[in-house]
Structures are given as structure tokens and as C-alpha cells.
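Trainee: So the protein sequences, as listed, match chains R and C.
The opening position of the first sequence corresponds to residue 19 in the numbering used here, with each subsequent residue numbered one higher.
The opening position of the second sequence corresponds to residue 3 in the numbering used here, with each subsequent residue numbered one higher.
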Amino acid sequence: MNSNPSPPAGKSFKGQAWTFDFTAGMIILLAILLFFIFIWNGLAMRWNSVNEYRQMQFDSLFAAEALMSTTGHPSNWETLPAINSTTVDSLGLVNGRNELNNLKLEKLVSINSTSYSFVKDRLGLSRYEFGLRITNLAKDSTYHDFGRFAGPLNNSVVFERLGMLNGSVVLVHLEVWK
Amino acid sequence: MRAFVTTFDALVALSFLLVISILVSTQSFQLNYARGVYIYQLTHDAISVMQKTGRLDDAIDGNSSAVRNILESTPEAVCMQILIYDNSGTSVASLSKFNCGETVSQLQIVSMPFTAHGNRYIAKAQSWYRKGYS
């Protein structure tokens with residue numbers, strides 16, 4: 019005994035089968051497309067964040083190098099009565115490579131509250147926050163502190179450089195974050 | 003049979019696609035270049051301050067504590083070694099940061115000539131990232 023109903027005379031189920039096949043195919047295709055859009059979106063977001071971090075690393079490298087190997091321009095910027103975009107072209111903290119100038123450091127610290135944005139701008143760090151700390155090698159004594167510090171943030175760039183201050187070797191802790 | 007082969011073919015292709023997608027999405031993006039430049043700068047700093055503060059002279063005389071003090075003050079992720087050669091190429095001092103294995107990642111080398119007690123020497127500082135930090 020055949021339980022399947024017979025199609026009416028002159029018609030068949032073939033058309034229904036094709037519609038079902040087409041619908042199933044479209045659903046699978048849509049699922050695959052959505053999957054790839056999801057993956058691609060995730061990749062694009064990660065790639066953007068990696069690029070942003072890479073840019074921050076490079077900007078930090080240049081800032082650290084400018085501070086640790088140049089005097090700034092003009093070289094006596096720390097003696098100027100006003101520190102602004104018309105008087106100072108670039109900032110540096112040393113007399114010679116790694117030889118930190120205490121007067122430049124003191125001036126930098128003294129303009130922390132008034133010229134933080136200007137200092138960031140001159141170091142090429144205007145898009146980020148920035149902190150600079152000079153400590154002894156054991157890190158238990160801080161000599162100078164400038165800017166803002168992120169604390170234990172994952173997306174901050176932290177560089178420690180070595181310098182000399184008043185004949186002693188010191189650690190220059192540079193922190194750039196967003 | 004033909005439908006089975008087509009379905010099987012599609013499944014194999016989709017599996018490949020899925021595996022490739024998963025591989026691509028789980029890739030970690032490396033940021034090695036800037037890190038390499040950073041340890042080069044740090045190595046340059048180290049050898050420069052050692053030379054300018056007379057620590058390299060002390061190391062030649064057998065007093066290595068001041069050099070070691072700087073080596074141990076470098077960031078935990080970084081390993082550093084200082085080698086000093088006289089003008090005949092003979093090693094006169096070799097100092098390494100403690101607990102640094104042989105694993106070398108992004109090795110950076112800075113050499114600097116200097117004079118101590120009227121003799122000429124070459125100081126060579128090399129740095130790399132410690133295992134687990136590269």
C-alpha cells in the first residue's frame with residue numbers, strides 16, 4: 019500500500035523539491051556569508067587595534083630618543099621665560115647622549131600643569147597621554163616626575179631608558195597610553 | 003551517486019575554508035620591529051653610561067659590580083651581556099645578566115671603542131628578549 023498521496027493529474031512534486039532545495043541552499047549560503055562577515059569584522063578590528071598600538075610604539079620610540087639624545091631647539095629652551103609654540107621647536111633633556119640636564123628636567127616638571135599638551139605635541143605624542151619619571155636604578159627614589167601615568171593598562175607602551183643625572187646612573191621611565 | 007559526490011565535494015571545500023578561516027582569525031599579530039629598535043636603544047644607553055661613568059674601566063680592573071648593577075636594572079624582559087676585548091681581540095671581561103638562558107630573540111649588538119689606562123679596548127653589548135617575552 020502506497021501511503022504517499024499521488025499528485026493531482028498533470029502535476030508533480032518536482033517543483034516543490036526544487037523550491038526546498040533552493041531555500042536550503044540560500045540559507046546555507048547566507049550562514050556562510052554571515053560567518054565570513056563575522057570573521058572579517060573581527061580581523062579588521064584586531065588589525066586596526068594592532069596598527070594603532072604599533073603607531074603608539076613608534077611615536078614613543080621617537081619621543082624617547084628625542085628626549086635622551088637631543089638638547090632640544092633652541093638648546094637653552096629651559097631658560098626661556100615662556101615655553102610655547104613660538105619659542106620652542108623641539109624638546110630634549112640632555113647635554114650629550116644620555117647625559118640628563120637637571121635644569122631641563124626641573125623646567126619640564128615646572129610646566130607640567132600649564133604646558134602638558136604643548137610638551138606632548140612637541141614630542142609627537144599629541145594623540146596620547148604621556149608620563150616621564152626619573153628614578154634611581156633600584157626604583158625606590160624618584161627624582162623627577164612629569165605628566166600622567168596609566169598604571170597597569172594593557173594598551174600602554176612603557177619604555178625604560180638609562181641616563182646619567184649629576185654623575186649617577188638613573189632610569190628614565192617613559193609611559194605612553196591612550 | 004552524482005549528488006553524493008557533489009555534496010561530498012562541497013563539504014570538503016567548506017571544511018578547508020573553515021580551517022583556513024580559523025587559522026587566520028587566531029593569528030597573533032607580531033609587533034617585533036619596534037621592540038627590536040627599543041632594545042637597541044637600551045643597549046646603546048647601557049654601554050654609553052657604563053663608559054661615561056668609568057664602569058667599563060672598573061670591569062677591566064676586575065671590579066664588575068657596577069656594571070652588573072646596571073645589567074640587573076634593565077627591564078625583566080631584556081637579557082644583556084657585556085664583553086670587553088683588548089686591541090689584540092682577547093676577551094678581558096664578560097658579564098651577563100643573571101638568569102638569562104641561551105634563547106636569543108631579536109639579538110641587538112652595539113660596539114663601542116674606548117680607552118682605559120692608556121690602552122684601547124672594544125666594549126660589545128648584546129641584548130635579546132628573554133624567553134616568554136619575545
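Positions of the beta carbon are idealized from the N, C-alpha and C atoms, including for glycine.
1) Helix, strand or coil: which one does DSSP assign to C/Asp47?
2) Would DSSP call R/Tyr146 helix, strand or coil?
3) Is R/Asn119 near R/Leu109, with beta carbons less than 9 Å apart?
4) Counting contacts by CB-CB distance shorter than 9 Å, is C/Arg37 in contact with chain R?
5) Using CA atoms only, rank isn't needed, just tell me which of R/Asn66, R/Trp95 and R/Ala81 is closest to R/Val175.
6) Exposed or buried, C/Tyr35, counting other C-beta atoms within 10 Å across all chains shown (16 or more means buried)?
7) I want to check one thing, is the minimum distance from the CB of R/Ser131 to the heavy atoms of the ligand HEM below 8 Å?
8) Drop a sphere of 10 angstroms on the beta-carbon of C/Ala95, count the other beta-carbons inside from all chains shown, and report buried for 16 or more, exposed for fewer.
9) For C/Gln128, decide whether its Cβ has a neighbour in chain R, counting only Cβ atoms nearer than 9 Å.
10) Based on Cα-Cα distance, which residue from R/Phe148, R/Asn66, R/Val106 and R/Glu178 lies nearest to R/Glu164?
11) Shorter than 9 Å from the beta carbon of R/Arg145 to some beta carbon of chain C?
12) Using the beta-carbon count (16 or more within 10 Å), is C/Met82 buried or exposed?
13) In chain R, which residues lie less than 9 Å from C/Thr55 when you measure between Cβ atoms?
14) Ordered along the chain, which non-local residues of its own chain (more than five positions away) have a Cβ less than 7 Å from that of R/Ser78?
15) Evaluate C/Tyr131 with the Cβ neighbour count: other Cβ atoms within 10 Å of its Cβ, from every protein chain shown; 16 or more gives buried, anything less gives exposed.
16) How big is the Cα-Cα spacing for C/Asp88 and C/Phe116?
17) Taking the alpha helix (DSSP H) that C/Arg57 belongs to, which residues open and close that run?
18) Only counting the same chain, and skipping five residues up and downstream in sequence, which positions put a Cβ closer than 6 Å to that of C/Ile49?
19) When burial is assigned at 16 or more other CB atoms within 10 Å of the CB, is C/Ser75 buried or exposed?
Mentor: A quick look at the data gives this:
1) helix
2) coil
3) no
4) yes
5) R/Ala81
6) exposed
7) Of the ligands one can find in the structure shown there are none, so the ligand HEM has no counterpart to examine.
8) buried
9) no
10) Reading off the sequence, residue 164 of chain R comes out as Phe, not Glu. Closest option to R/Phe164, Cα to Cα, is R/Phe148.
11) no
12) buried
13) Met182, Gly185, Ser186 and Val187
14) Val175, Phe177, Leu192 and Val194
15) buried
16) 10 Å
17) Arg57 to Ile62
18) Val112, Met114, Ala125 and Ala127
19) buried
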